[in-house]
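Novice: Here you go, one structure.
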Amino acid sequence: MKVSLIYFDFPADPKAILEGWGFYSEGVASISTVLKKGGHKVSLLHLIKEIPKEKFLENMEKENPNLIGFSFTTDSFHRLPKYLKWIKENKFNIPIICGSYHSTLAPEEVINIKEVDMVCIGEGEYPMLELCDKIEKKENYEYIESLWIKTKNGIIKNRVSPLVENLDTLPFPDFALFDLHNLIASKINTATITISRGCPYNCSYCANHAIRKMYPNSTKYTRNRSPENSIEYIKTLLKHCKDKKININYIGFLDNNLSWPKEWSIKFLNLYLKEIHLPFSCNLRVDTIDKELIELFKKAGCYRAHVGVESGNKEIRFSILKRNMPDDVIKNGFNLFKNAGISTLAYNIIGLPYETPRTALDTIKLNALIKPTRSLAAIFCPYPATEAYNISLNAGFIGGHVDYSSEIVLKNKNFSEEQTRFFSLYFRFIMQIYKIIFVLPGSVKGVAEKFSDSLFTNDKIPYKFLNKIMRFYKQSSDSLKNKIRNKSPKLYLLLRNYFLKS
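Quick note on my numbering: the sequence shown kicks off at 1005 and runs consecutively.
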């Protein structure tokens, strides 16, 4: 049978300017390869921006599928109803299933949309294969594990099937499903790869702890492909890219934490050094690294580590975010990266529950002390079913329904929407000021820091006006960056590597 997968890859920021062909999805490609090996045909509609109704329906008519599957995150969920109505209005009598993160975290919300027939909760490879097999054979598919099925008698909520504990048993993803030539990563000679699933930590704002609880074998939630299988995966992808005449000079690991568990990481890095040895970036946690491990990362080719700082305020970091990392551990981790010659990208969150201008400034000041190569400051979003969502709801920062199409969803009387935007937009600018302050002589430093603290927490600042200026600047610079990346990838890489070293 034929399956059409529709992947929503819209930018989270509704005002973002995205040029190119978006990003690869490991989950979508993995489902595709399992279905194809089961004898089914799979096509992909990869949406990075809205398309006209006529073009969308033309695609549906061309593919003429027996099943349509939508994959989307919470940020893009609000776009779904329009496409569903287009399908049903035009008499396409095709069952529709929804999956991925939002469907897993908020299945009730998704299944209650009139046009949705089914929801897949959690990992979808084998539930989707069983569904396709039964549809093709015209068998009853109402009791497939991990699926919620809408029937004339109500909704059948099947239990979540156990996790695939051994990732080596999964076939490698369907790399051919995506137009790799035009993906943003390919434009800069990078292949993105995921060789693990899950995370052992319980950060309140992340979906991992909420998803882990759904599985009957939840203790097996965090899994890695074996080091040997991981290397074979990378070689297979690199060969595919070579066959397609796509030049790959970098690897981008998308795993939650490439340093966990440590024993696996050491074995994998030694194999990678011996058999691949391409420069790579990855996500790491500062409380899972030490000097020897980071030196091995550097030796194996790690040129940039993506590291979560999230909040510089200890109370928020420990009590709200459940990230039990003292400042000293964070500072030591960034020193290890610096001493090893690995550049860093620090992730931060602005607008958290109980945030104030003072606590936001704590985050900026901690970044000024640890001196990452680059800092990002996302605006907090309370994802469904997470502990941070419940904290926000119980404290009255959000209501029962959250409009995830909005840039800011928390209502905080001590930290306005314009203040939230200001500290997010001006994060790096203010950080540079404090970096200068922190190297001043003692008495001068104290006066300068006190003055700056008072200035940036003053509610008389014309936040709205300043935000408009910075928004225009960022949109212009992002547009220029995207144009350079798409039109002149070599220049983009030259500039990127220069700033990584500077």
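Even for Gly, the Cβ is constructed at its ideal location relative to N, Cα and C.
Three-state secondary structure (DSSP) at His1310?
Specialist: Of the three classes helix, strand and coil, the one that applies to His1310 here is strand, per DSSP.
Novice: Which of the three DSSP states, helix, strand or coil, is assigned to Asn1253?
Specialist: The answer is coil: DSSP assigns Asn1253 none of H, G, I, E or B.
Novice: Identify the residues that DSSP records as bridge partners of Phe1284: which are they?
Specialist: DSSP, once it has assigned bridges, lists Ile1255 and Cys1306 as partnering Phe1284.
Novice: Can you tell which of Tyr1028, Leu1275 and Asp1291 has the C-alpha that lies nearest to the C-alpha of Ile1334?
Specialist: When each option's Cα is compared against that of Ile1334, the closest is Asp1291.
Novice: Can you give me the start and stop residues for the alpha helix (DSSP H) that Ala1344 sits inside?
Specialist: Run containing Ala1344: Asp1331 to Ala1344, per the alpha helix (DSSP H) assignment.
Novice: Give me the residue from Ile1354, Cys1102 and Leu1470 with the minimum Cα distance to Ile1320.
Specialist: The option with the nearest alpha carbon to Ile1320 is Ile1354.
Novice: Three or more C-beta pairs closer than 8 angstroms, one from the segment 1089-1099 and one from the segment 1117-1125: is that the case here?
Specialist: With a cut-off of 8 angstroms, the segment 1117-1125 and the segment 1089-1099 count as touching, because enough Cβ pairs lie within range.
Novice: So what does His1213 bridge to, in DSSP terms?
Specialist: According to DSSP, His1213 bridges with nothing at all.
Novice: So, are the CB atoms of Phe1179 and His1106 less than 8 angstroms apart?
Specialist: Against a cut-off of 8 angstroms, the Cβ pair of His1106 and Phe1179 comes out as no contact.
Novice: To the nearest angstrom, how far is it from the Cα of Asn1068 to the Cα of Lys1059?
Specialist: Computed Cα separation, rounded: 14 angstroms.
Novice: Exposed or buried, Glu1267, counting other C-beta atoms within 10 Å across all chains shown (16 or more means buried)?
Specialist: Label assigned to Glu1267: exposed.
Novice: Any C-beta of chain B sitting closer than 8 angstroms to the C-beta of Ile1440?
Specialist: As a matter of chain content, chain B is missing from the structure shown, which is built from one protein chain.
Novice: Taking DSSP as the reference, what is the three-state secondary structure of Trp1025?
Specialist: Here Trp1025 sits in coil by DSSP.
Novice: Quick one: grab the DSSP three-state call for Ala1399.
Specialist: Looking at Ala1399 - three-state DSSP - the assignment turns out to be coil, as it is neither helix nor strand.
Novice: What's the C-alpha gap between Ile1488 and Tyr1496?
Specialist: Taking the straight line joining both Cα atoms gives about 6 angstroms.
Novice: Suppose only complete runs of 4+ residues qualify. What are the alpha helix (DSSP H) ranges in the segment 1080-1145, listed by chain order?
Specialist: Segments of the alpha helix (DSSP H) lying fully in the segment 1080-1145: 1084-1093, 1105-1109, 1111-1115 and 1129-1140.
Novice: Alpha carbon to alpha carbon, how far is Leu1380 from Ile1298?
Specialist: One C-alpha to the other measures close to 22 angstroms.
Novice: Indicate whether Tyr1254 and Leu1282 have their beta-carbon atoms separated by less than 8 angstroms.
Specialist: Contact flag set, yes.
Novice: Write down the C-beta distance between Leu1273 and Asn1228 rounded to the nearest angstrom, noting that I regard them as a contact closer than 8 angstroms.
Specialist: With a Cβ gap of about 13 angstroms, Leu1273 and Asn1228 do not count as contacting.
Novice: Please classify His1050: does DSSP put it in a helix, a strand, or coil?
Specialist: Of the three classes helix, strand and coil, the one that applies to His1050 here is strand, per DSSP.
Novice: How about the segment 1343-1361 and the segment 1303-1318: do they share at least three Cβ pairs that are nearer than 8 angstroms?
Specialist: Touching, yes.
Novice: By the 10 Å Cβ neighbour count, where 16 or more other Cβ atoms means buried, how is Thr1348 classified, buried or exposed?
Specialist: With 16 or more Cβ atoms within 10 Å of its Cβ, Thr1348 is classed as buried.
Novice: Taking the alpha-carbon of Leu1325 as reference, which of Lys1053, Ala1110 and Ile1395 has the nearest alpha-carbon?
Specialist: Nearest C-alpha to Leu1325: Ile1395.
Novice: Helix or strand or just coil, what does DSSP make of Asn1486?
Specialist: Three-state result, Asn1486: helix.
Novice: Check the C-beta distance from Phe1431 over to Asn1352 and give it rounded, since I have them as a contact under 8 angstroms.
Specialist: Correct: roughly 7 angstroms between the Cβ atoms.
Novice: Using 8 angstroms as the threshold, is the segment 1189-1196 in touch with the segment 1024-1031, meaning 3 or more CB pairs across them?
Specialist: The answer is yes - the segment 1024-1031 touches the segment 1189-1196, with three or more Cβ pairs under 8 angstroms.
Novice: Which one or two residues does DSSP pair with Phe1012 in a beta bridge?
Specialist: The partner list for Phe1012 (beta bridge, DSSP) reads Leu1051.
Novice: Along the chain, where does the alpha helix (DSSP H) that runs through Thr1077 open and close?
Specialist: Note, Thr1077: premise wrong, no alpha helix (DSSP H); not H, not E.
Novice: DSSP three-state label for Ser1506, please.
Specialist: Model confidence at Ser1506 stands at a pLDDT of 42, short of 50, so the residue's coordinates are unreliable and nothing is read from them.
Novice: To the nearest whole angstrom, what separates the beta carbons of Pro1220 and Pro1166, a pair I think is in contact under 8 angstroms?
Specialist: The pair is a contact, with the Cβ atoms about 5 angstroms apart (cut-off 8 angstroms).
Novice: Mind checking which residues open and close the beta strand (DSSP E) that includes Arg1378?
Specialist: Here the beta strand (DSSP E) through Arg1378 covers Arg1378 to Ile1383.
Novice: Hey, could you find the ends of the alpha helix (DSSP H) Tyr1276 is sitting in?
Specialist: Element bounds for Tyr1276: Lys1266 to Glu1279.
Novice: Between the C-alpha atoms of Tyr1393 and Asn1206, what's the straight-line distance to the nearest angstrom?
Specialist: Near 14 angstroms, if we compare the C-alpha coordinates of Asn1206 and Tyr1393.
Novice: Name, in chain order, the residues that DSSP records as bridge partners for Ser1200.
Specialist: BP columns for Ser1200 point to Asn1228.
Novice: What is the residue span of the beta strand (DSSP E) that Gly1155 lies within?
Specialist: As written in the sequence, residue 1155 is Thr, which differs from the Gly given in the question. Counting along the chain, the beta strand (DSSP E) containing Thr1155 begins and ends at Leu1151 to Thr1155.
Novice: Compute the distance between the beta-carbons of Leu1135 and Tyr1145, then report whether it is under 8 angstroms.
Specialist: Yes. Within cutoff.
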